[in-house]
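There are 4 protein chains.
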Amino acid sequence: MLHQELRRHVLEANLEVVRRGLVLYTFGNASGIDRETGHVVIKPSGVPYESMTAADLVIVDLDGQPVEGDKRPSSDLPTHLELYKGFPQIGGVVHTHSRAATSWAQAGLEIPCLGTTHADYFHGPVPLVPRLTDEEIEAGYERNTGLAILRRFEGIDPLAQPAALLHGHAPFTWGKTAIDAAHTAVILEEVAEMAWRAMLLNATAAPVSECLLNKHYLRKHGANAYYGQR
Amino acid sequence: MLHQELRRHVLEANLEVVRRGLVLYTFGNASGIDRETGHVVIKPSGVPYESMTAADLVIVDLDGQPVEGDKRPSSDLPTHLELYKGFPQIGGVVHTHSRAATSWAQAGLEIPCLGTTHADYFHGPVPLVPRLTDEEIEAGYERNTGLAILRRFEGIDPLAQPAALLHGHAPFTWGKTAIDAAHTAVILEEVAEMAWRAMLLNATAAPVSECLLNKHYLRKHGANAYYGQR
Amino acid sequence: MLHQELRRHVLEANLEVVRRGLVLYTFGNASGIDRETGHVVIKPSGVPYESMTAADLVIVDLDGQPVEGDKRPSSDLPTHLELYKGFPQIGGVVHTHSRAATSWAQAGLEIPCLGTTHADYFHGPVPLVPRLTDEEIEAGYERNTGLAILRRFEGIDPLAQPAALLHGHAPFTWGKTAIDAAHTAVILEEVAEMAWRAMLLNATAAPVSECLLNKHYLRKHGANAYYGQR
Amino acid sequence: MLHQELRRHVLEANLEVVRRGLVLYTFGNASGIDRETGHVVIKPSGVPYESMTAADLVIVDLDGQPVEGDKRPSSDLPTHLELYKGFPQIGGVVHTHSRAATSWAQAGLEIPCLGTTHADYFHGPVPLVPRLTDEEIEAGYERNTGLAILRRFEGIDPLAQPAALLHGHAPFTWGKTAIDAAHTAVILEEVAEMAWRAMLLNATAAPVSECLLNKHYLRKHGANAYYGQR
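Protein chains in written order, with my numbering: chain A, 1 to 230; chain B, 231 to 460; chain C, 461 to 690; chain D, 691 to 920.
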């Protein structure tokens, strides 16, 4: 079996979002890419998480052609592929319909950076990707979803803002690995929940300053980070 | 004992809504029908779920006459019976007072289709059934509840919109089987929760387009569905 | 040891509100009365629930004089005693600071009867007991709390409306037994949660009709009840 | 190994906030001080709670110089140190990004004392510490956070108001011991949740009277306390 370690990591990413309460039934999907071969390991479509093993994952190439596995890949595969093609820095993608983040997507609002929990992980508001046109929906819907994310992220470092909200749909997150992308999905959900609560209390709550945003983000990321054990 | 497999499925449907946190104490009830005999298997009234077995379920005919079982059927039985009579396509019915869906019913509002989570399962807003008149309440209340649902669903395919909110009461869901109806109850609760959160954030949040609604619904249902393993 | 069965029931009532997530740490207290002797069995003050046994409960008479047990009774004992004296129909009292019900108490609003979940258990809105005066707070605070509830319930059947919200404080519930009072506390919390959600969605949501209120309440209570097994 | 008992207590304080759902992943940190030696025991930075032992905790002196342990201390250490220096009465400090309390901090609002749950633990509203200036953020950010708390608490007894909300950040709590500080963090979260719910229901909800505030606070604290076993 190809890419056994990557399979294990992608399985773990899929299970992490289940364990943290971000998915119901078979909702959601995680994938990871092996950049050397261009092979993408992704969750099969509509298979229950309880019984899923690393061997159930499907491997395709960057054109979506099957490489290994007899199950159908997640129907969101074409979105994952566009993200891998457009964001060469990333190694994993996660899609969930997690409750709080999806509510912001349904409300059609980006998530403002109201506090340091947000700033620790996302270097600015979580961008909202505009609705697709009818033409984009009717043919190549999932691929066009990926392209719409890429358009919205022109000029944005995807590792500094590793999440997008699709208007009327739900979030996608990504990262250096599938497990990073899953952790980001979990933290996005918490950040979305707290921003929702804060905005209901005070509709004019102001984002943190540029200075605090940079401070917290750079405490955890980049050359001068000083959080964690090194 | 009659209909042993159906009994097992109806028990499972009853337990699924408990497991997913949709019911408190003895609230809620699930039933299933055997269309050949017209026998309906339903939860007994006011019996604790923890000790319930398939043998505790009650079997009645479509007129509500006892067929098997010495317990009293759920007091909502007449509503189930009207749904089976009016919706010949369905094989199972579930009633809960689940928190988020019931809140919409109490607010007297249909649940707008704000996102694809909703569109994946319900082909349009979740309809609100108007309050009954005093006359309908005073005699034959539970039967009239079923008739009110049928009136509201005139011209609607009940398998494409498998849920109703009763104004001032709570939801009913249905499906091809009792287990399908239970899954729909669980997903309705999630959809209701997310729509509630989105409306609190943005009271003018707009529903998804007709085009996206059709795309998502038909991705999962009908001849051209491409979600899941087939 | 006196009243061993009553001790077991009161312990169970105390544990039920813990199990259902209504209390944090040592918050809350449940009691039961033996009407023949006038002995009241109540939770000790500030003892952890995890290690509490029936033998830890304290027995006092209706004047609060110790009858059995070496621990101090709950500091809310005088409120319980006034309820037992003023409501001769009741056999148990429960006090919690459960989240949703307490929020209504803090908002200073009675809980309107917006749906049948409410009507099944409470025959009308859940009454709000006005704030005490400074004089009532300074001396005999807990006893005056009980007296304020009794004043608010003049002309109300306490078994038909088995809960009160103390403005700026939290709910008390009661019933024929301590376990009934605990179940009512659990259901009150659910009803409070759903009414809160409904009011946030629609601030002008209307209560159910008098007719529906009576229908649901009398389905479960009184001579013509037809819910449950009999 | 130094301060084995204090290490055990600080570990327990760290785990208590995890157990109660106040932290996600490696968020949050708890510390305790040995006032005789001035040694502070604190959580290491970015270490998973599941595998943390008392031996993983780091000991530093009040200047932050390492005393024992080979891991890096929590990056929030300088805030803890300023609190120990400025509040000689306290023995433990806890920092979390717990959901409800953080939402108030993000909304930029102090938590009003709307009920007795609050008054039992906090003798007045939970103070909001203003945002730091860019200068305070750029150099010595964590130390300046501690100094900002001390400035806000001038004239306030830190044991009577054992919590602060940092605007745009999250809460800090403290107490006589690390475990007390952890319990306060848990109760603060509950109080924040209930105040949030109450304010959404009724934006003009009024705080409890000075008289009731004193009554409840003094029922549990000070020479005339009569709550719990003594």
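Where is the CB? At the ideal position from N, CA and C, for every residue including glycine. These numbers come from a predicted model, not from an experiment.
task: Take every Cβ of the region 828-838 of chain D, pair it with every Cβ of the region 580-594 of chain C, and state whether three or more of those distances are shorter than 8 Å.
output: no
message: I'd like to know whether the C-beta of residue 247 of chain B is nearer than 9 Å to at least one C-beta of chain C.
response: no
task: Identify the contact partners of residue 675 of chain C in chain B, using a Cβ-Cβ distance below 8 Å as the criterion.
output: 367, 368 and 371
task: Could you spell out the range, first to last residue, of the beta strand (DSSP E) harbouring residue 723 of chain D?
output: 719-724
- prompt: So, is residue 299 of chain B buried or exposed, given that buried needs 16 or more other C-beta atoms within 10 angstroms?
  reply: buried
field: Where residue 888 of chain D meets chain C, residues with beta-carbon distance less than 7 Å
entry: 563, 566 and 567
message: Taking a contact to mean a Cβ-Cβ separation below 9 Å, would you say residue 860 of chain D touches residue 911 of chain D in this structure?
response: no
field: Beta carbon of residue 473 of chain C nearer than 9 Å to that of residue 641 of chain C
entry: yes
task: Verify the CB distance criterion: does residue 507 of chain C have a CB-CB separation below 9 Å to chain D?
output: yes
query: What residues from chain B crowd round residue 72 of chain A, counting only those whose CB sits closer than 7 Å?
result: 459
field: residue 636 of chain C versus residue 619 of chain C - alpha carbon distance
entry: 8 Å
- request: Look up residue 2 of chain A in the DSSP assignment and say whether it is helix, strand or coil.
  value: coil
message: Taking 9 Å as the threshold (beta carbon to beta carbon), is residue 134 of chain A in contact with chain B?
response: yes
Cβ of residue 347 of chain B within 9 Å of any chain A Cβ: yes
message: Rounding to the nearest angstrom, what Cα-Cα distance links residue 179 of chain A and residue 93 of chain A in this structure?
response: 9 Å
task: For the region 476-485 of chain C and the region 495-505 of chain C, state whether three or more C-beta atom pairs, one from each stretch, are separated by less than 8 Å.
output: no
Within-9 Å CB hit, residue 179 of chain A to chain D: no
- prompt: Where does the unbroken beta strand (DSSP E) through residue 732 of chain D begin, and where does it stop?
  reply: 729-732
- prompt: Mind checking residue 342 of chain B: buried by the 16 CB within 10 Å criterion, or exposed?
  reply: buried
- prompt: Do you know offhand how far residue 532 of chain C's Cα is from residue 913 of chain D's?
  reply: 17 Å
- request: Run down chain C in chain order and give the residues with a C-beta less than 8 Å from the C-beta of residue 274 of chain B.
  value: 689
message: I need the straight-line Cα distance from residue 184 of chain A to residue 9 of chain A, nearest angstrom please.
response: 15 Å
task: Grab me the residues of residue 23 of chain A's own chain with a C-beta within less than 6 Å of its C-beta, minus the 5 sequence neighbours each way, in chain order.
output: 17 and 96
query: Does any C-beta atom of chain G lie closer than 9 Å to the C-beta of residue 111 of chain A?
result: In the displayed structure, chain G is absent; the protein chains listed are A, B, C and D.
field: Extent of the continuous alpha helix (DSSP H) to which residue 538 of chain C belongs
entry: 537-546
message: On the DSSP bridge list, what partners appear for residue 623 of chain C?
response: C:633
Cα-Cα separation between residue 263 of chain B and residue 357 of chain B, rounded to whole angstroms: 24 Å
message: List, in chain order, every chain D residue whose beta-carbon is nearer than 8 Å to that of residue 559 of chain C.
response: 880, 883, 884 and 887
- prompt: So is residue 278 of chain B buried or exposed if we call it buried at 16+ other beta carbons inside 10 Å?
  reply: exposed
Every unbroken beta strand (DSSP E) inside the region 320-382 of chain B [3 residues or more]: 322-325
query: Between residue 101 of chain A and residue 189 of chain A, which are expected to be in contact by the criterion C-beta below 8 Å, what is the C-beta distance as a whole number of angstroms?
result: 5 Å
- prompt: With 16 other CB atoms within 10 Å as the buried threshold, where does residue 691 of chain D fall?
  reply: exposed
query: Thinking C-alpha only, which one of C:539, C:510, C:628 and C:611 is nearest residue 564 of chain C?
result: C:628
- request: Go through its chain and collect everything with a Cβ distance to residue 667 of chain C's Cβ below 7 Å, but skip five positions before and after it.
  value: 572, 573 and 574
- prompt: What does residue 630 of chain C reach in chain D if we use C-beta pairs closer than 8 Å?
  reply: 805, 806 and 807
field: Cut-off 6 Å between Cβ atoms - residues of its own chain near residue 417 of chain B, not counting five sequence neighbours on either side
entry: 351
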